[in-house]
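Each residue of the sequence shown is one higher than the last, beginning at -1 in our numbering.
Glycine included, C-beta positions come from ideal geometry on N, C-alpha and C.
Heads up, the thing below is written out as structure tokens.
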Amino acid sequence: MTEFNPRRGDVKIELEGCELVLRPSFAAIVTLEDHFNCAIFDLAREFCEGKRARIRDFLVMIEAGVKGTGAEPPPDLAERMVETGLARLVEPLGKFLAHACGIRG
């Protein structure tokens, strides 16, 4: 696992059988903005409003965050997400998006 660094805005996410670190790096934010075709602030707002709740949206966010640490997501990430349950991913992904917007604490 990548070293967790809260000063960088890292967020831990527990998936069935593993723990991943998501980092809101510049590259991660650009990836998200490009994929969703909107600013990171708009994405965070839409996520909080429940407008970005498709499983593919969650997958893209987790992949971007893991790659933001310099690591690669596990090859069975999608299956682990399903086993974990999407409801358990909402809080850490919301925190990850808040940190990407510069909101910490």
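Report the three-state DSSP secondary structure of C16 (helix, strand or coil).
-> strand
Assumed close pair A37, A62 - CB separation to whole angstroms, cut-off 8 Å = Not confirmed; about 15 Å, so no contact.
Can you name the start and end residues of the alpha helix (DSSP H) that T82 belongs to?
-> Note, T82: alpha helix (DSSP H), L75 to T82.
Assuming L18 contacts V64 under a Cβ cut-off of 8 Å, what Cβ separation, rounded to an integer in Å, is found between them?
-> 5 Å
When you compare each of I101, R86, L95 and A96 to E12 by their alpha carbons, which one comes out closest?
-> Checked all of I101, R86, L95 and A96; the closest Cα to E12 is R86.
L57 versus F94: straight-line alpha-carbon distance, rounded = 13 Å
Out of I53, K49 and E89, point me to the one whose CA is closest to L75's CA.
-> I53
Same chain only: Cβ atoms within 7 Å of L84, ignoring 5 sequence neighbours per side | I53 and F56
Grab the span of the alpha helix (DSSP H) containing K65 for me, first residue to last.
-> I53 to K65
Span of the alpha helix (DSSP H), counted from its first residue to its last, around G92 = Start and end: V88 to A98.
By Cβ distance, which residues of its chain are closer than 7 Å to R102, with the 5 residues on each side in sequence left out?
-> Contacts found: G7.
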